[in-house]
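Step one of this worksheet: look at the structure below.
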Amino acid sequence: MNLLLTAHAEDPTLQTFEQDVWWITLIKLVGLFVMLLLLTLFTINYERKVVARMAVRPGPNQVGWRGYLTSLSDGLKLPFKEEIIPRTADKLVYFLAPVISATTAFTAFAVIPFGGVVTMFGHRTALQLTDVPVSVLVLLACSSMSVYGVVLAGWASGSTYPLLGALRSSAQMISYEVAMGLSIVAVFMTAGSMSTSEIVKAQASGDPTTIFGTEITMPGWYCLQLLPSFLIYMISAVGETNRAPFDLPEAESELVGGFHTEYSSFKFALFFLAEYINMITVSAFCTTLFLGGWRAPWPITAIWAGASSGYFALIWFFLKVFALLFGFIWLRATLPRLRYDQFMRFGWKVLIPINLVWILLLSYFKIARSGALSTEARWISTGAVAIVVLVVAWAWPSPEKPKQLSIEEELARRPPGSFPVPPMDLQVPPSPRARRAVAERAPAALGGDSESKEV
Numbered sequence: 001m002n003l004l005l006t007a008h009a010e011d012p013t014l015q016t017f018e019q020d021v022w023w024i025t026l027i028k029l030v031g032l033f034v035m036l037l038l039l040t041l042f043t044i045n046y047e048r049k050v051v052a053r054m055a056v057r058p059g060p061n062q063v064g065w066r067g068y069l070t071s072l073s074d075g076l077k078l079p080f081k082e083e084i085i086p087r088t089a090d091k092l093v094y095f096l097a098p099v100i101s102a103t104t105a106f107t108a109f110a111v112i113p114f115g116g117v118v119t120m121f122g123h124r125t126a127l128q129l130t131d132v133p134v135s136v137l138v139l140l141a142c143s144s145m146s147v148y149g150v151v152l153a154g155w156a157s158g159s160t161y162p163l164l165g166a167l168r169s170s171a172q173m174i175s176y177e178v179a180m181g182l183s184i185v186a187v188f189m190t191a192g193s194m195s196t197s198e199i200v201k202a203q204a205s206g207d208p209t210t211i212f213g214t215e216i217t218m219p220g221w222y223c224l225q226l227l228p229s230f231l232i233y234m235i236s237a238v239g240e241t242n243r244a245p246f247d248l249p250e251a252e253s254e255l256v257g258g259f260h261t262e263y264s265s266f267k268f269a270l271f272f273l274a275e276y277i278n279m280i281t282v283s284a285f286c287t288t289l290f291l292g293g294w295r296a297p298w299p300i301t302a303i304w305a306g307a308s309s310g311y312f313a314l315i316w317f318f319l320k321v322f323a324l325l326f327g328f329i330w331l332r333a334t335l336p337r338l339r340y341d342q343f344m345r346f347g348w349k350v351l352i353p354i355n356l357v358w359i360l361l362l363s364y365f366k367i368a369r370s371g372a373l374s375t376e377a378r379w380i381s382t383g384a385v386a387i388v389v390l391v392v393a394w395a396w397p398s399p400e401k402p403k404q405l406s407i408e409e410e411l412a413r414r415p416p417g418s419f420p421v422p423p424m425d426l427q428v429p430p431s432p433r434a435r436r437a438v439a440e441r442a443p444a445a446l447g448g449d450s451e452s453k454e455v
């Protein structure tokens with residue numbers, strides 16, 4: 001018992017993963033797959049329970065104890081439902097699209113660290129499947145590949161609304177992935193590494209700094225040191241995963257069901273699985289980059305030195321992930337869906353410029369702390385920059401509000417016969433492998449025909 005209380009966490013290195021035997025790697029791979037499936041079932045039920053609580057209604061309460069097996073029953077039911085494939089669908093791409101989405105979602109979790117070095121069946125190994133010097137880029141590449149599953153699903157369905165949803169989703173995911181990537185640049189600059197295990201290690205202790213001759217230890221978590229990057233990452237993560245209030249690719253009032261409208265049975269279950277795994281992935285990634293990873297928070301480490309050692313690290317890691325998942329659910333239950341042009345304008349004209357300015361400021365502080373500037377020059381220049389920013393923000397001319405037109409004036413400005421609807425003559429590009437047949441039908445009977453008058 002005393003050993004558990006006084007043990008210290010051991011951080012893995014790149015050499016730790018090279019020493020793993022093949023069957024230990026296989027056990028971690030199977031365990032990661034099973035864990036993601038169980039986390040998906042838990043997150044679906046967790047979301048239903050929390051949203052029901054916020055809406056003051058019972059929620060799922062019929063299957064299992066207090067309804068906790070509802071998501072499991074849904075997962076078992078979906079593969080056995082009737083599968084309806086559109087006649088105009090490209091069969092090969094129609095099948096590959098959900099496989100691509102689910103595969104990339106599972107692959108992204110390979111570089112997420114769940115804990116330090118532990119003993120597993122007599123072998124020393126890390127609670128992480130693998131790690132490379134550019135692990136963060138691997139995770140970003142997996143999230144970029146998921147766009148292909150969405151685009152191919154909309155195109156291969158051979159229908160108008162899935163194609164519109166796929167195009168909208170691809171534009172949204174690419175736009176907010178730029179903001180997400182820029183928010184991670186600040187983490188690279190501060191940690192000095194792109195390895196996820198090294199980033200967690202860099203947040204283990206505080207950052208001492210001297211202000212007016214007094215040494216102050218800054219908090220180790222990057223969510224406090226790099227607060228603008230943390231906020232931008234969280235907003236971008238919601239847009240990247242197509243979650244409310246940014247769930248515009250699945251806007252049922254506009255696009256029926258979005259890119260997966262024509263999917264059913266097991267293929268729809270793969271898209272459903274990929275969406276929730278992506279939500280878990282961005283939460284785990286945020287925990288790794290900004291919340292200290294698998295290490296226990298400060299009050300607990302001050303009392304219990306071995307809180308982050310061994311398998312105890314899993315407790316703190318999943319508590320942080322569940323807290324971030326609660327934020328996703330909270331947003332869905334409280335905020336309405338944004339308009340698409342507002343959403344894209346916010347990503348390109350707000351998040352990305354703020355990110356670039358923040359990276360420049362952070363670079364300046366890094367140079368100032370390296371000794372190139374004296375303490376007095378550092379604080380004087382920082383105050384001057386802050387004053388200039390405030391003056392520019394105060395003197396910036398506000399845009400003129402457009403004149404609010406009445407309904408009669410708005411209708412008078414529109415050309416006759418125009419309505420705010422998608423073009424009705426939109427055609428899905430034909431597949432080069434599909435054989436198209438022209439449907440023919442008999443002309444409708446007129447009112448004067450003898451057959452129509454018979455009773």
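Here UniProt numbering is used: the first residue of the sequence shown is 1, the next is one more, and so on. Glycine included, each C-beta is placed from N, C-alpha and C at the ideal position.
Would the beta-carbon of L270 fall within 9 Å of that of A102? yes
C-beta atoms of V147 and M173 nearer than 9 Å: yes
With a threshold of 8 Å on Cβ separation, who are the neighbours of V118 within its own chain once the five nearest residues in sequence on each side are excluded? R124, T125, A126, L127, G310 and Y311
Are the segment 196-203 and the segment 145-163 in contact at 8 Å, needing three or more beta carbon pairs? no
From G220 to A307, what distance separates their C-alpha atoms? 17 Å
With DSSP collapsed to three states, give me the class of R332. helix
Going by C-alpha to C-alpha distance, which of G192, S205, V391 and F272 sits closest to A105? F272
Is the CB-CB distance between E275 and S236 below 9 Å? no
Could you pull out every residue in the same chain whose Cβ sits closer than 6 Å to the Cβ of P79, ignoring the five residues on either side in sequence? F266
Status (buried if at least 16 other CB within 10 Å, exposed otherwise) for D20: buried
Supposed contact pair W294 and W316 - C-beta distance, whole angstroms, cut 8 Å: 6 Å
Considering only residues of the same chain and omitting the five flanking positions on each side of L314, which have a CB-CB separation below 8 Å? F114, G115, L127 and W294
Going by DSSP, name the residue or residues bridged to H123. M120
Cutting at 6 Å between CB atoms, please list the residues of its own chain near K49, excluding the five before and the five after it. G59
Do you know offhand how far S170's Cα is from V350's? 20 Å
Inter-residue spacing [alpha-carbon to alpha-carbon] between L69 and E82: 22 Å
When we look at the beta-carbon of A191 and count the other beta-carbons within 10 Å, is it buried (16 or more) or exposed? buried
DSSP on M234, reduced to helix/strand/coil? helix
If you draw a straight line from the C-alpha of S183 to the C-alpha of Y233, how long is it? 6 Å
Considering only the beta carbon of each residue, do F259 and A166 sit closer than 9 Å? yes
In three-state terms, what does DSSP make of R53? helix
Determine the direct distance from the alpha carbon of H8 to that of M1, and round the result to whole angstroms. Model confidence at M1 stands at a pLDDT of 48, short of 50, so the residue's coordinates are unreliable and nothing is read from them.
Work out the CA separation of T281 and V388 for me, nearest whole Å. 39 Å
What did DSSP end up calling F246 once you bin it into helix, strand or coil? coil
Below 8 Å on the Cβ atoms is my guess for I380 versus P228; work out the distance and round it to an integer in Å. I380 to P228, Cβ: 23 Å. No contact.
Less than 9 Å between the C-beta atoms of V187 and F290, yes or no? yes
Helix, strand or coil at A9 according to DSSP, with G and I counted as helix: coil
CA nearest to the CA of L319, picked from P336, V34 and T288: T288
How many Å lie between E262 and R87 at the Cα? 11 Å
CA-to-CA distance, E10 to residue 464, given in whole angstroms: Past the boundaries of the shown model lies residue 464; the chain is included only from 1 to 455, so the question cannot be answered.
Where residue 456 and S363 are concerned, what is the direct C-alpha to C-alpha distance, given to the nearest angstrom? Here the chain covers residues 1 to 455 and nothing more, so residue 456 does not appear.
Member of P245, V238 and W23 whose CA lies at the smallest distance from the CA of G122: W23
Say whether the segment 40-48 touches the segment 12-19, bearing in mind that this needs 3 or more beta-carbon pairs closer than 8 Å, one atom from each stretch. no
According to the Cβ coordinates, are V51 and I277 closer than 9 Å? no
Where L331 and M180 are concerned, what is the direct C-alpha to C-alpha distance, given to the nearest angstrom? 19 Å
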